[in-house]
Amino acid sequence: MTTNDARPDRISLEPSATAKPRVMFCYWGRRGAMSRFTLEVARASSGSERVEGFVCVSRQNEIFSTFEADEKNGLTRGLLPIDTFDTNLGAALHIRRVFDLRKKLAAHIVRDRIDAVIELMPHIWTPLIAPVYGRAGARFVSVVHDADAHPGDPTGAVHNWSQRGLRYADNVVTLSETVAERLAAKGSVPQDKLRTLFLPDLTYGAPASPQALIPGEPVRLLFLGRILPYKGLSLLVDTLELLRLRGVPVHVGVFGEGELGRDADRLTALGAEVVNRWLTEEEIATVTARYHAVILSHIEASQSGVAATALGSGIPVVTTPVGGLPGQIDDGRTGIVAERADPEALADCIERLVREPGLYDSMCAHIAATRDTRSMRRFVADICRIAVPDESAI
Numbered sequence: 036m037t038t039n040d041a042r043p044d045r046i047s048l049e050p051s052a053t054a055k056p057r058v059m060f061c062y063w064g065r066r067g068a069m070s071r072f073t074l075e076v077a078r079a080s081s082g083s084e085r086v087e088g089f090v091c092v093s094r095q096n097e098i099f100s101t102f103e104a105d106e107k108n109g110l111t112r113g114l115l116p117i118d119t120f121d122t123n124l125g126a127a128l129h130i131r132r133v134f135d136l137r138k139k140l141a142a143h144i145v146r147d148r149i150d151a152v153i154e155l156m157p158h159i160w161t162p163l164i165a166p167v168y169g170r171a172g173a174r175f176v177s178v179v180h181d182a183d184a185h186p187g188d189p190t191g192a193v194h195n196w197s198q199r200g201l202r203y204a205d206n207v208v209t210l211s212e213t214v215a216e217r218l219a220a221k222g223s224v225p226q227d228k229l230r231t232l233f234l235p236d237l238t239y240g241a242p243a244s245p246q247a248l249i250p251g252e253p254v255r256l257l258f259l260g261r262i263l264p265y266k267g268l269s270l271l272v273d274t275l276e277l278l279r280l281r282g283v284p285v286h287v288g289v290f291g292e293g294e295l296g297r298d299a300d301r302l303t304a305l306g307a308e309v310v311n312r313w314l315t316e317e318e319i320a321t322v323t324a325r326y327h328a329v330i331l332s333h334i335e336a337s338q339s340g341v342a343a344t345a346l347g348s349g350i351p352v353v354t355t356p357v358g359g360l361p362g363q364i365d366d367g368r369t370g371i372v373a374e375r376a377d378p379e380a381l382a383d384c385i386e387r388l389v390r391e392p393g394l395y396d397s398m399c400a401h402i403a404a405t406r407d408t409r410s411m412r413r414f415v416a417d418i419c420r421i422a423v424p425d426e427s428a429i
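For our numbering, count along the sequence shown from 1 and bump the result up by 35.
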């Protein structure tokens, strides 16, 4: 594995007005929860007393206008916009942009005396650009969300390629022990370079007061996000049909783009609310406020941005025990973790949520009381300690 131990001396063209370490966060994707994640990183780092934060995002990002507005309004600073592509095909069609981007990033690192670059998610262009960071004098830290491609996820086609950039990283950060263990087992990253943090809450607006769970009325469960095979929609529908047989009142909402397949008719028969398309950030905030809990019926997982969204909205999560999900959800305190990934075990969890007096209210109260432990501000502080090892400086 290539290391970045030998770095050139940098000549500052713009003298630093502060002794704080300078960290640039990068995310070049176009849409999804990582856009919100990056926006919250930018806001948290801009308000930090420990580091001076910069953020590099694609102009093609679905919420790029929000990044621009934040900087204009003084909520963030140090925005470095770049051009990537509008479609997946554009990744190849616009490959010449990579060479201009390498020069632009190297110049930015030297000019603004960037101490570390933190890549918030590997990008298809990462293997071609990552060598630049060390040569320009910055440490490089990459956040890896998945050790392996998810079954049925079309982005899996470039998964292994994008992770080739990890060879240039000084450290690799995972958001669950499950991913760290898998990366180590595969030999993708040396054990001494691996660090594990946590997936912070994602807030699409101020948390609303949780819906009251009234005895005898249906518990409202939300299935949110892209509909892909590993998300286990069919397992959820099997669970709902079993709950109907048990006489447990449940209403479910399914929100997200993807193929419903044979589950479409079954959801209709169950009276489910189905919005089968991509949701805007504003819609996500509105939808989570209408449900008691989020349901994760995954049959495979690393960790879940949907769970982070639920906790950021102040509502608990009911989940299967796969991958890193049991480590993300504190059973009985921030949600309920099933014993197995099957309809009977998942139905038992939902029935417990409905039948056990005070459980729902106590979980909502605990989520609110422990919000700081899962905050983006804490995450930024933790990852900056990894990126800039001299703790006395941060």
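The C-beta atom is built at its ideal place from N, Cα and C for all residues, glycine as well.
Whole angstroms is fine: what's the gap from R132's alpha carbon to L210's?
In the sequence shown, the residue the question calls residue 132 occupies position 97. In the sequence shown, the residue the question calls residue 210 occupies position 175. Cα to Cα, the separation comes out at about 30 angstroms.
Between which residues of its own chain and T38 is the CB-CB distance below 6 angstroms, once the five residues before and five after are set aside?
As a working mapping, residue 38 is identified with position 3 in the sequence shown. In this prediction, T38 has a pLDDT of 43, which is less than 50 and means its spatial position is unreliable; what the coordinates show is noted afterwards. There are no such residues.
Length of the line joining the Cα atoms of L302 and R312:
Walking along the sequence shown from the start, residue 302 turns up at place 267. Walking along the sequence shown from the start, residue 312 turns up at place 277. Their backbone Cα atoms lie some 16 angstroms apart in a straight line.
Under the assumption that V176 contacts I421 (Cβ atoms under 8 angstroms), give the Cβ distance between them as a whole number of angstroms.
Mapped onto the sequence shown, residue 176 falls at position 141. Mapped onto the sequence shown, residue 421 falls at position 386. About 6 angstroms; that satisfies the 8 angstroms criterion.
Leaving out five residues on either side along the sequence, give the residues of the same chain with a beta carbon under 8 angstroms from the beta carbon of T349.
Along the sequence shown, one-based indexing puts residue 349 at 314. According to the sequence shown, residue 349 is Gly rather than Thr. Here G349 has P242, A243, S244, P245, C399, I402 and A403 as same chain residues with Cβ atoms under 8 angstroms from its own Cβ, once five neighbours each way along the sequence are excluded.
DSSP bridge partner residues for E386 (one or two, in chain order)
Locating residue 386 in the sequence shown gives position 351, counting from the first residue. E386 pairs with nothing; no bridge assigned.
V167 and L201 - do their beta-carbons sit closer together than 7 angstroms?
Numbered from its first residue, the sequence shown carries residue 201 at position 166. Numbered from its first residue, the sequence shown carries residue 167 at position 132. Contact flag unset, no.
Hey, could you find the ends of the alpha helix (DSSP H) L360 is sitting in?
Position 325 of the sequence shown holds residue 360. From DSSP, the alpha helix (DSSP H) with L360 extends over L360 to Q363.
Proximal residues to R413 (C-beta, below 6 angstroms), its chain only, five neighbours per side dropped
By 1-based counting over the sequence shown, the position of residue 413 is 378. Nothing meets the Cβ criterion.
Would you call the CB atoms of S197 and P157 closer than 7 angstroms?
Indexing the sequence shown from 1 puts residue 197 at position 162. Indexing the sequence shown from 1 puts residue 157 at position 122. Their beta carbons are under 7 angstroms apart, which means S197 touches P157 by this criterion.
Could you tell me the distance, in whole angstroms, from the CA atom of M36 to the CA atom of A204?
Counting from one through the sequence shown, the residue named residue 36 turns up at place 1. Counting from one through the sequence shown, the residue named residue 204 turns up at place 169. Summary for M36: the model assigns pLDDT 40, below 50, so the residue's position carries little reliability; its value from the coordinates is reported in the next sentence. Going by the C-alpha atoms only, they are around 9 angstroms apart.
Cutting at 8 angstroms between CB atoms, please list the residues of its own chain near L305, excluding the five before and the five after it.
The residue labelled residue 305 in the question sits at position 270 within the sequence shown. Correct list, in chain order: V272, L275, E276, R279 and V287.
Which residue's Cα is closest to the Cα of C384: D366, S397 and D396?
Here residue 384 is taken as the residue at index 349 of the sequence shown, counted from 1. Selected option, being the one with the closest Cα: D366.
Please identify the residue among R261, K107, Y326 and L234 whose C-alpha is closest to the C-alpha of L314.
If you number the sequence shown from 1, residue 314 lands on position 279. The option with the nearest alpha carbon to L314 is R261.
Integer Cβ distance of V353 from G340, believed to fall under 8 angstroms
Here residue 353 is taken as the residue at index 318 of the sequence shown, counted from 1. Here residue 340 is taken as the residue at index 305 of the sequence shown, counted from 1. Beta-carbon to beta-carbon, V353 and G340 are separated by about 16 angstroms, too far to satisfy the 8 angstroms threshold.
Sort D150, P189, L229 and R199 by Cα distance to W160 and report the nearest one.
As a position in the sequence shown, residue 160 is number 125, starting the count at 1. Among D150, P189, L229 and R199, the Cα nearest to that of W160 is on R199.
Pick from K228, K55, G88 and T405: whose alpha carbon is nearest that of V76?
To locate residue 76, count along the sequence shown from 1; it is residue 41. Cα-wise, what sits closest to V76 is G88.
Measure the Cβ-Cβ separation of G362 and S337 and say whether it is below 7 angstroms.
Mapped onto the sequence shown, residue 362 falls at position 327. Mapped onto the sequence shown, residue 337 falls at position 302. Result no, Cβ atoms of G362 and S337 do not sit closer than 7 angstroms.
Report the three-state DSSP secondary structure of L234 (helix, strand or coil).
Counted from its first residue, the sequence shown places residue 234 at position 199. Correct three-state label for L234: coil.
Please report the straight-line C-alpha distance between E212 and T231, rounded to a whole angstrom.
Counting from one through the sequence shown, the residue named residue 212 turns up at place 177. Counting from one through the sequence shown, the residue named residue 231 turns up at place 196. The straight-line gap separating the alpha-carbon atoms of E212 and T231 is approximately 6 angstroms.
Under DSSP, the alpha helix (DSSP H) around L280 begins and ends at which residues?
For this step, residue 280 is matched to residue 245 along the sequence shown. Residues L268 to R281.
Give the list of continuous alpha helix (DSSP H) stretches no shorter than 4 residues that lie fully inside the stretch 136-205.
161-164, 166-171 and 194-197
Spatially closest choice to I117 from L268, F102 and L110, by CA coordinates
By 1-based counting over the sequence shown, the position of residue 117 is 82. Of the candidates L268, F102 and L110, the one whose C-alpha sits nearest the C-alpha of I117 is F102.
Our contact map puts S93 next to T119 with C-beta atoms below 8 angstroms; I'd like the distance itself, whole angstroms only.
Residue numbering aside, residue 93 sits at position 58 when the sequence shown is read from its first letter. Residue numbering aside, residue 119 sits at position 84 when the sequence shown is read from its first letter. Right, the Cβ-Cβ distance comes to about 4 angstroms (below 8 angstroms), so this counts as a contact.
Given this structure, state the Cα-to-Cα distance separating L263 from G293, to the nearest angstrom.
In the sequence shown, the residue the question calls residue 263 occupies position 228. In the sequence shown, the residue the question calls residue 293 occupies position 258. Each residue's Cα considered, the two are about 7 angstroms apart.
May I have the straight-line CA-CA distance separating D183 from P189, to the nearest angstrom?
What you label residue 183 is simply residue 148 of the sequence shown in a count that begins at 1. What you label residue 189 is simply residue 154 of the sequence shown in a count that begins at 1. Straight-line Cα distance between these residues: approximately 13 angstroms.
Check the DSSP bridge columns for I371 and list the partner residues they point to.
As a first step, residue 371 must be located in the sequence shown, where it is residue number 336. I371 is bridged to V353.
Could you round the C-beta distance between T355 and L381 to whole angstroms and report it? I think they count as a contact, below 8 angstroms.
Locating residue 355 in the sequence shown gives position 320, counting from the first residue. Locating residue 381 in the sequence shown gives position 346, counting from the first residue. Indeed they touch by this definition, with Cβ atoms about 6 angstroms apart.
Taking 6 angstroms as the limit between beta carbons, can you name the residues of its chain near R71, skipping five residues before and five after?
As a working mapping, residue 71 is identified with position 36 in the sequence shown. So the list reads L237, once near-sequence residues are dropped.
Just to confirm the assignment, what range does the alpha helix (DSSP H) spanning Y395 have?
Numbered from 1 along the sequence shown, position 360 holds the residue referred to as residue 395. L394 to A404 is the span of the alpha helix (DSSP H), which, as asked, contains Y395.
At the level of alpha carbons, what is the spacing between L360 and V214?
Locating residue 360 in the sequence shown gives position 325, where the first residue counts as 1. Locating residue 214 in the sequence shown gives position 179, where the first residue counts as 1. If you draw a straight line from the Cα of L360 to the Cα of V214, it comes to about 11 angstroms.
Reduced DSSP secondary structure (H/G/I, E/B, other) of E84
The residue labelled residue 84 in the question sits at position 49 within the sequence shown. Three-state result, E84: coil.
Residue interval of the beta strand (DSSP E) (run including G288)
Here residue 288 corresponds to residue number 253 of the sequence shown, with the count starting at 1. Residues V285 to F290.
For E216 and G251, I'd like the C-alpha separation in whole angstroms.
Reading the sequence shown from its first residue, position 181 is the one you call residue 216. Reading the sequence shown from its first residue, position 216 is the one you call residue 251. The alpha-carbon atoms of E216 and G251 are separated by roughly 44 angstroms.
The alpha helix (DSSP H) spanning A416 covers which residue range?
Within the sequence shown, residue 416 is the residue found at index 381, counting from 1. Counting along the chain, the alpha helix (DSSP H) containing A416 begins and ends at M411 to A422.
Backbone secondary structure at V132 - three-state DSSP
As a working note, residue 132 is residue 97 in the sequence shown. The question names Val, yet the displayed sequence has Arg at residue 132. It is helical.
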